[in-house]
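Sequence lines, in order, name chains S and B.
Letter by letter, the first sequence follows residues 0 to 364 in numbering that gives the first Met the number 0.
Letter by letter, the second sequence follows residues 0 to 390 in numbering that gives the first Met the number 0.
Where a beta carbon is used, it is the ideal one built from N, C-alpha and C, also for glycine.
These notes concern the structure reproduced below.
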Amino acid sequence: MNFDLTDEQQMLQAAARDFLAARLNSEKIRALAETDDAFSEDLWKEICDLGWPGLMVGADSGGQELGTIELAVLFEQLGYALTPGPVLSNTLAALALQTAGTDAQRERWLAPLAAGELRGTLALWDRGHGWSAADVTLEPESSNGGVTLNGEKLFVLDAARADFFVVGAKGDRRFIVERDAPGVTVTPTPTLDATRKQYAVKLDGVKVDDDAAFGGDGQMEDARIRAYVALAAELTGIAQRALEMAVDYAKERKQFNRPIGAYQAVSHRCAQMLLETEGARSASYYAAWAADNEPETAPLAASMAKAYASDAGTRVTGASLQVHGGIGFTWEHDLHLFLKRAQSDAVMFGDSRWHRERVAQLAGI
Amino acid sequence: MDLTLSPSEEAFRDELRSWLESNHPGQPPKDDDARAFQWRRQWQSQLHKGGWAGLSWPKEYGGRGATLIEQAIFSEEMVRGNVPAPANVLGLVMGGPVVIHHGTEEQKQRYLEPILSAEEIWCQGFSEPDAGSDLASLKTRAVKRDGGWVVTGQKVWTTLAHEAKWCMLVARTDADAPKHQGLTYFLMDMEQDGVDVKPLVQITGESEFNEIFMDEAYIPDENIVGGVGNGWGVAITTLMNERAGLAFAAQAALKTHINDAISLAKSISHDGRTAAEDPLTRDRLAQLFIEAEIFRVTNYRGLTKIMKNGVPGPEGSLGKWQWAEVNQRLMELALEIEGPYGQFAEGSDYALGGDWQYQFLRTRANSIEGGTTDILKNIVAERVLGLPKLR
Numbered sequence: 000m001n002f003d004l005t006d007e008q009q010m011l012q013a014a015a016r017d018f019l020a021a022r023l024n025s026e027k028i029r030a031l032a033e034t035d036d037a038f039s040e041d042l043w044k045e046i047c048d049l050g051w052p053g054l055m056v057g058a059d060s061g062g063q064e065l066g067t068i069e070l071a072v073l074f075e076q077l078g079y080a081l082t083p084g085p086v087l088s089n090t091l092a093a094l095a096l097q098t099a100g101t102d103a104q105r106e107r108w109l110a111p112l113a114a115g116e117l118r119g120t121l122a123l124w125d126r127g128h129g130w131s132a133a134d135v136t137l138e139p140e141s142s143n144g145g146v147t148l149n150g151e152k153l154f155v156l157d158a159a160r161a162d163f164f165v166v167g168a169k170g171d172r173r174f175i176v177e178r179d180a181p182g183v184t185v186t187p188t189p190t191l192d193a194t195r196k197q198y199a200v201k202l203d204g205v206k207v208d209d210d211a212a213f214g215g216d217g218q219m220e221d222a223r224i225r226a227y228v229a230l231a232a233e234l235t236g237i238a239q240r241a242l243e244m245a246v247d248y249a250k251e252r253k254q255f256n257r258p259i260g261a262y263q264a265v266s267h268r269c270a271q272m273l274l275e276t277e278g279a280r281s282a283s284y285y286a287a288w289a290a291d292n293e294p295e296t297a298p299l300a301a302s303m304a305k306a307y308a309s310d311a312g313t314r315v316t317g318a319s320l321q322v323h324g325g326i327g328f329t330w331e332h333d334l335h336l337f338l339k340r341a342q343s344d345a346v347m348f349g350d351s352r353w354h355r356e357r358v359a360q361l362a363g364i
Numbered sequence: 000m001d002l003t004l005s006p007s008e009e010a011f012r013d014e015l016r017s018w019l020e021s022n023h024p025g026q027p028p029k030d031d032d033a034r035a036f037q038w039r040r041q042w043q044s045q046l047h048k049g050g051w052a053g054l055s056w057p058k059e060y061g062g063r064g065a066t067l068i069e070q071a072i073f074s075e076e077m078v079r080g081n082v083p084a085p086a087n088v089l090g091l092v093m094g095g096p097v098v099i100h101h102g103t104e105e106q107k108q109r110y111l112e113p114i115l116s117a118e119e120i121w122c123q124g125f126s127e128p129d130a131g132s133d134l135a136s137l138k139t140r141a142v143k144r145d146g147g148w149v150v151t152g153q154k155v156w157t158t159l160a161h162e163a164k165w166c167m168l169v170a171r172t173d174a175d176a177p178k179h180q181g182l183t184y185f186l187m188d189m190e191q192d193g194v195d196v197k198p199l200v201q202i203t204g205e206s207e208f209n210e211i212f213m214d215e216a217y218i219p220d221e222n223i224v225g226g227v228g229n230g231w232g233v234a235i236t237t238l239m240n241e242r243a244g245l246a247f248a249a250q251a252a253l254k255t256h257i258n259d260a261i262s263l264a265k266s267i268s269h270d271g272r273t274a275a276e277d278p279l280t281r282d283r284l285a286q287l288f289i290e291a292e293i294f295r296v297t298n299y300r301g302l303t304k305i306m307k308n309g310v311p312g313p314e315g316s317l318g319k320w321q322w323a324e325v326n327q328r329l330m331e332l333a334l335e336i337e338g339p340y341g342q343f344a345e346g347s348d349y350a351l352g353g354d355w356q357y358q359f360l361r362t363r364a365n366s367i368e369g370g371t372t373d374i375l376k377n378i379v380a381e382r383v384l385g386l387p388k389l390r
């Protein structure tokens, strides 16, 4: 029984923290947020050189073949630095292919993704429907040697910079669709969080070959569990950063001749933020460990993590804003960027209430 | 990270389980506190003979020298098996460790064995009517006289004082020194004329606690632990051990209560569906389940840290605070699930069974005993986050 990260995991943590701190500051993040796609060619190239998109990709596809704990370590740091751009979208596309893709698909799509030559993203959620696999309504129609896809997918991350989409269909099936395929229309859908862009992807009679299909009922669960862990870890990093900002501010800001952090109304709020941040961290790493070591508890652990971290992320950023007072409400201060990313992460792949219902089912309530 | 038990930890757990299978004592007699306590003494002596008392104590002092993980396993197994607590809890968790850390060799020889065997029960005299959270402001005075000290004052919230032979007493020996420096840690013999014990009845109707009145009680010099004027530091060791020692038992008990509450929610119907099917109740039960699990995981994270740094850190305050909060919310929800039936006195023909009403009342103390939640937040703010002190 030991909760420590290994030396290698600590090295990954330090390397990610140092790299992101060196490359990203407020000006850089804001500049990217103001572009159409929040994408920096130079930053992405460096991230690919570090092997992050292929972190969990098998060595046979040119990936690092690391585990879910490493995934959590990386995403905690990505959240802490409020990293813009397509790390999450590519990680999730890679996880889907790694989990259920065919050998040929892994060679054609996953290996180039891990090498940074192609980018992919998930297009799972149908307009007007929820987060469950059972809520996906897109029904492929058989046509000569393949299928035709009609529908509209929302919440598609970084679609404008993706080379291919992993499109979800009924029965938890997946189809690889190239962005340039006839019948595909990509429309930006501005959201709260400008640092990571989302799009609507319309599929209008898009024809794909049979060899673009993979997945099916029961086959995508492992990828989903890791998506929950990645988001919970990112939320933990965001909460950690918002907590540190609040504590630093409470030490320096003076009112009534004292630092405001000396007042219990403020200091107890900060203590509460720590409680929730540490809880999110415990839950995220426990789920990461379970995903790789205890498959029977992994679904429960992952939903516990996503439920708790979603609440912690939104509450801690909100509490930090309150500690900052008026300055925290200004566009000029960075806090709102974290608040908005937390809000986005909290609803993605199921909000806290949705995951609590899963916990209730899995825990036999 | 490896959250599985090592082969030696598994062996420890299996040995404990099989010992408990053949030695489980059943439950103490109800409705007679004195007999129940006598029963617990017997049970502790049996535990001791089996080698399961003083788990954390070094082997040379009659303990088992168990690792922190083994101690955690022990606590979890005791709750899992519904095994009653031994009699001399405070001696085992606090008194023994303090004597081992700060005591002289003579003191170790004199006091440790009777703690393990439950021949001598211990209690703790720290809090006073005017010194609760601000413990260092305590007023009980000890004055030097004839190779010893004469003590006058009052202590409160003293668990087991009516059964105890020894009291871990912190008293002021230097009224002129700064308040943290004028204190001394004594072992006071409770069996003397200068000591008077009165039970305190709490909101559950029980008397777990007492008041102790000391009127010129005598303590010889050799009963000082850690030297004159060092009482604060010695007392802190006691409190740290208390918090670390109780966390795993608390966690296991919480888990049991959550499972019981889930069964309760499934067994009670309102408006054509069980409480467990009501979306709002369901959501709250799931949230409590999650928080109890996180409390467990955070405890284990804390252990890893203690094993590296040697001592429990201020982070332990987070766990105690979280535990109190989850425990209270759980009992509130359980009574809410029972609805109007939650009012009936336990044992009434109309009551639904279970001890939710008792738990509801008893858990009100969780955010007060062993450090109030309010003080724990101060500790977290000042010592973990480094925020400035108001004082």
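Would you call the region 282 to 289 of chain B in contact with the region 98 to 114 of chain B, where contact means no fewer than 3 C-beta pairs closer than 8 Å? Here the region 282 to 289 of chain B makes no contact with the region 98 to 114 of chain B; the two share fewer than three CB pairs at distances below 8 Å.
Measure the C-alpha to C-alpha separation of Ser126(B) and Asn298(B) and round it to an integer number of angstroms. Numbered from its first residue, the second sequence carries residue 126(B) at position 127. Numbered from its first residue, the second sequence carries residue 298(B) at position 299. Rounded to whole angstroms, Ser126(B) to Asn298(B) spans 27 Å at the Cα level.
Secondary structure, alpha helix (DSSP H): runs of 4+ residues fully inside the region 187 to 273 of chain S: DSSP runs (the alpha helix (DSSP H)) wholly in the region 187 to 273 of chain S: 220 to 251.
With a threshold of 8 Å between beta carbons, is Pro128(B) in contact with chain S? The count along the second sequence starts at 1 and reaches residue 128(B) at position 129. Under the Cβ criterion of 8 Å, Pro128(B) is not counted among the residues facing chain S.
What are the residues in the region 278 to 289 of chain B lying within 7 Å of chain S by C-beta distance? For the region 278 to 289 of chain B, the residues whose beta carbon sits under 7 Å from a beta carbon of chain S are, in order, Arg281, Asp282, Leu284, Ala285, Gln286, Phe288, Ile289.
Got a sec, what are the start and stop residues for the beta strand (DSSP E) Thr120(S) sits in? Walking along the first sequence from the start, residue 120(S) turns up at place 121. For Thr120(S), the uninterrupted beta strand (DSSP E) run begins and ends at 119 to 122, by DSSP.
List the DSSP bridge partners of Ile46(S). On the first sequence, position 47 is the one that residue 46(S) refers to. Ile46(S) pairs with nothing; no bridge assigned.
Helix, strand or coil for Arg107(S) per DSSP? Numbered from its first residue, the first sequence carries residue 107(S) at position 108. Helix at Arg107(S).
Under a three-way DSSP split, which group does Lys254(B) fall into? Your numbering for residue 254(B) matches position 255 in the second sequence. Assigned with DSSP and collapsed to three states, Lys254(B) falls in helix.
For a test of the three-state rule: what should DSSP assign to His179(B), helix, strand or coil? Along the second sequence, one-based indexing puts residue 179(B) at 180. For His179(B), the secondary structure class from DSSP, reduced to helix, strand or coil, is coil.
Cutting at 7 Å between CB atoms, please list the residues of its own chain near Ala308(S), excluding the five before and the five after it. Taking the first residue of the first sequence as 1, we reach residue 308(S) at position 309. Taken in chain order, the residues that qualify are Ala231, Leu234, Thr235, Ala279, Ala282, Ser283.
How close, in whole Å, do the beta carbons of Gly146(B) and Asp192(B) come, if the pair is a contact with beta carbons under 8 Å? Position 147 of the second sequence, counted from the start, is the residue given in the question as residue 146(B). Position 193 of the second sequence, counted from the start, is the residue given in the question as residue 192(B). At roughly 19 Å, the Cβ-Cβ gap does not stay under 8 Å, so Gly146(B) and Asp192(B) are not in contact.
From what residue to what residue does the alpha helix (DSSP H) around Lys432(S) run? What is shown of chain S runs 0 to 364, which leaves residue 432(S) out entirely.
Would a check of beta-carbon distances place Asn392(S) closer than 8 Å to chain B? Outside the shown range of chain S (0 to 364) lies residue 392(S), about which nothing can therefore be said.
Rounding to the nearest angstrom, what Cα-Cα distance links Glu331(S) and Val315(S) in this structure? Sequence index remark: in the first sequence, residue 331(S) carries index 332 (1-based). Sequence index remark: in the first sequence, residue 315(S) carries index 316 (1-based). Pairing Glu331(S) with Val315(S), the inter-Cα distance amounts to about 20 Å.
Name the two residues that bound the continuous beta strand (DSSP E) containing Gln123(B). As a first step, residue 123(B) is located in the second sequence; it is residue number 124 there, counting from the start. Residue range 121 to 124 is occupied by the beta strand (DSSP E) that includes Gln123(B).
Interface partners of Leu332(B) on chain S, CB under 8 Å: Translated into the one-based positions of the second sequence, residue 332(B) becomes position 333. Among the residues of chain S, none has a CB under 8 Å from the CB of Leu332(B); the nearest is roughly 12 Å distant.
Taking Gln153(B) as part of the alpha helix (DSSP H), name the residues at either end of that continuous run. The residue you call residue 153(B) lines up with position 154 of the second sequence. Counting along the chain, Gln153(B) falls outside any alpha helix (DSSP H), though it belongs to the beta strand (DSSP E) covering 147 to 155.
So Trp288(S) contacts chain B; which residues on that side make the cut at Cβ distance below 7 Å? As a working mapping, residue 288(S) is identified with position 289 in the first sequence. Per Cβ cutoff of 7 Å: Met0, Leu2.
Simplified DSSP state of Met93(B), which is helix, strand or coil: Counting from one through the second sequence, the residue named residue 93(B) turns up at place 94. When DSSP states are grouped into helix, strand and coil, Met93(B) belongs to the helix group.
Beta carbons nearer than 9 Å to chain S: which residues of the region 363 to 388 of chain B have them? Along the region 363 to 388 of chain B, the positions whose C-beta sits under 9 Å from a C-beta of chain S are Asp373, Leu375, Lys376, Asn377, Ile378, Val379, Ala380, Glu381, Val383, Leu384, Gly385, Leu386, Pro387, Lys388, read in chain order.
Who are the near neighbours of Ala372(S) in its chain, counting only those whose CB is closer than 6 Å to its CB and skipping five residues on each side? Past the edges of chain S, shown from 0 to 364, lies residue 372(S), and the structure says nothing about it.
Straight-line CA distance for Gly317(S) to Pro27(B)? For the purposes of this step, residue 317(S) is identified with residue 318 of the first sequence, where counting begins at 1. For the purposes of this step, residue 27(B) is identified with residue 28 of the second sequence, where counting begins at 1. Gly317(S) and Pro27(B): Cα-Cα distance of roughly 50 Å.
Indicate whether at least one CB of chain S lies closer than 8 Å to the CB of Trp121(B). The sequence position of residue 121(B) within the second sequence is 122, counting from 1. It does not: the Cβ of Trp121(B) has no partner Cβ on chain S nearer than 8 Å.
Is the beta carbon of Glu210(B) closer than 8 Å to that of Lys197(B)? In the second sequence, residue 197(B) corresponds to position 198, counting from 1. In the second sequence, residue 210(B) corresponds to position 211, counting from 1. A contact, by the Cβ cut-off of 8 Å.
Is the distance from the Cβ of Ala199(S) to the Cβ of Leu153(S) below 8 Å? Position 200 of the first sequence holds residue 199(S). Position 154 of the first sequence holds residue 153(S). Taking a C-beta distance under 8 Å as the contact criterion, Ala199(S) and Leu153(S) qualify as a contact pair.
For chain S, find out if any of its Cβ atoms is closer than 8 Å to the Cβ of Thr237(B); answer yes or no. Translated into the one-based positions of the second sequence, residue 237(B) becomes position 238. For Thr237(B), no Cβ of chain S is located within less than 8 Å of the residue's own Cβ.
Using a C-beta cutoff of 8 Å, does Phe154(S) count as contacting chain A? In the structure shown, chain A cannot be found, because the protein chains are S and B.
Can you pull the chain B residues whose beta carbon is under 9 Å from the beta carbon of Gln263(S), in chain order? Position 264 of the first sequence, counted from the start, is the residue given in the question as residue 263(S). The contacting residues are Asp373, Lys376, Asn377, Ala380, Leu389.
For Asp41(S), three-class secondary structure by DSSP: Here residue 41(S) corresponds to residue number 42 of the first sequence, with the count starting at 1. Residue state, collapsed to three classes: helix.
Can you tell me which of the three DSSP states Gly145(S) falls into? Sequence index remark: in the first sequence, residue 145(S) carries index 146 (1-based). Shown here, Gly145(S) sits in a strand according to DSSP, grouped into three states.
Take Gly61(B) as the anchor and find which of Ile68(B), Lys48(B), Glu69(B) has the nearest alpha-carbon. The residue you call residue 61(B) lines up with position 62 of the second sequence. From the listed residues Ile68(B), Lys48(B), Glu69(B), the smallest Cα separation to Gly61(B) is found for Lys48(B).
Taking Cβ-Cβ distances shorter than 8 Å, what residues in chain B pair up with Leu323(S)? As a working mapping, residue 323(S) is identified with position 324 in the first sequence. Reading off the sequence, residue 323(S) comes out as His, not Leu. The contacting residues do not exist; His323(S) stays about 15 Å from chain B at best.
Residues of chain B with a CB under 8 Å from the CB of Leu4(S): which are they? As a position in the first sequence, residue 4(S) is number 5, starting the count at 1. For Leu4(S), the neighbours in chain B by C-beta distance under 8 Å run, in chain order, Met0.
Neighbour list for Lys250(S) in chain B, Cβ cutoff strictly below 7 Å: Position 251 of the first sequence, counted from the start, is the residue given in the question as residue 250(S). Residues of chain B passing the Cβ test: Leu386, Pro387.
Using the rule of at least 16 other Cβ atoms within 10 Å of the residue's Cβ for burial, across every protein chain shown, is Glu40(S) buried or exposed? Mapped onto the first sequence, residue 40(S) falls at position 41. Burial call: exposed.
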